[in-house]
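Presented below is the structure to which this report refers.
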Amino acid sequence: MDSKESMESREAKDSIKSQVEGLLGSRPRQARHLLAVLQDIQAAFRYLPKEALLMVSEKLEVSAARVFAVAGFYKALSFSPKAERLLTVCQGTACHLRGSEKLIQTLESRLGFKIGQSSTDGRLGLETVNCLGACALAPVATVDGAVHGHLTPEKALDLI
Ligand code: FES
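In my numbering, the protein residues as written are 844 to 1003.
Following this line, the structure appears as structure tokens:
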């Protein structure tokens, strides 16, 4: 790493620390707020930077092991940047019976990346879920949390 990269890296870390300090200021500094703080950080950065997790450990007086364990437990939290937009296809029984596999195959084929991955520009991610609780609308997918039902492969592609 040359000195320019080193300086940029230091500036990035300082920026993360400054933003996390601001986020921590909006909640009581108590261990019971750990998950809420992690959700705030996830929303701000689209992932949980290591520096942020170490800061949370120190400020909330929670062991780093626990902070990393909680961060790794929840699917909504991520150690690497999530895509700006997220398309989630339901793979529950009702959706499976009504063609969710064909939706997934079409999306993977047309988008050029697999479930669990993101586009190279980081704009779109694909995930699956087991049931969205909207089985009557099967097959179902969400885009950034908004539910879309009775999907065909073509309709699913039109969502993005
Ligand atoms: S199985 Fe897909 S919404 Fe329930």
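Glycine included, every Cβ here is placed at the ideal spot set by N, Cα and C. On a predicted model such as this, the values are computed, not experimentally measured, just so you know.
* **Candidates T931, V913, G968 and S952, of which the one nearest H876 by Cα** => Mapped onto the sequence shown, residue 876 falls at position 33. Of the candidates T931, V913, G968 and S952, the one whose C-alpha sits nearest the C-alpha of H876 is V913.
* To do: Ignore the nearest five residues each way along the sequence and tell me which others in G942's own chain have a CB closer than 6 Å to its CB.
  => Start at 1 with the first residue of the sequence shown, and residue 942 comes out as number 99. Taking C-beta separations shorter than 6 Å and ignoring five residues to either side along the sequence, the partners of G942 in its chain run P982, following chain order.
* To do: Rounded to whole angstroms, what's the CA-CA distance from V986 to L946? Just pull it up for me.
  => For the purposes of this step, residue 986 is identified with residue 143 of the sequence shown, where counting begins at 1. For the purposes of this step, residue 946 is identified with residue 103 of the sequence shown, where counting begins at 1. Distance between the alpha carbons of V986 and L946 is about 14 Å.
* To do: Would you check whether the ligand FES has a heavy atom nearer than 7 Å to the C-beta of V983?
  => Position 140 of the sequence shown, counting from 1, holds the residue named residue 983. Yes - the ligand FES has a heavy atom lying nearer than 7 Å to the Cβ of V983.
* Identify the continuous alpha helix (DSSP H) that holds T985 and give its terminal residues. => Indexing the sequence shown from 1 puts residue 985 at position 142. From DSSP, T985 is part of no alpha helix (DSSP H) but of the beta strand (DSSP E) over A984 to V986.
* Assign S923 to one of three DSSP states: helix, strand, or coil. => As a working mapping, residue 923 is identified with position 80 in the sequence shown. The answer is coil: DSSP assigns S923 none of H, G, I, E or B.
* To do: Examine the ligand FES and report whether any of its heavy atoms sits within less than 7 Å of the Cβ of T936.
  => The residue you call residue 936 lines up with position 93 of the sequence shown. Within the chosen limit of 7 Å, the ligand FES reaches the beta carbon of T936 through at least one heavy atom.
* Asked: Along the chain, where does the alpha helix (DSSP H) that runs through H939 open and close?
  -> Position 96 of the sequence shown holds residue 939. First-last of the alpha helix (DSSP H) with H939: T936 to L940.
* Asked: In three-state DSSP terms, what is G976?
  -> In the sequence shown, counting from the first residue as 1, residue 976 sits at position 133. Residue state for G976 is assigned as coil, using DSSP reduced to three classes.
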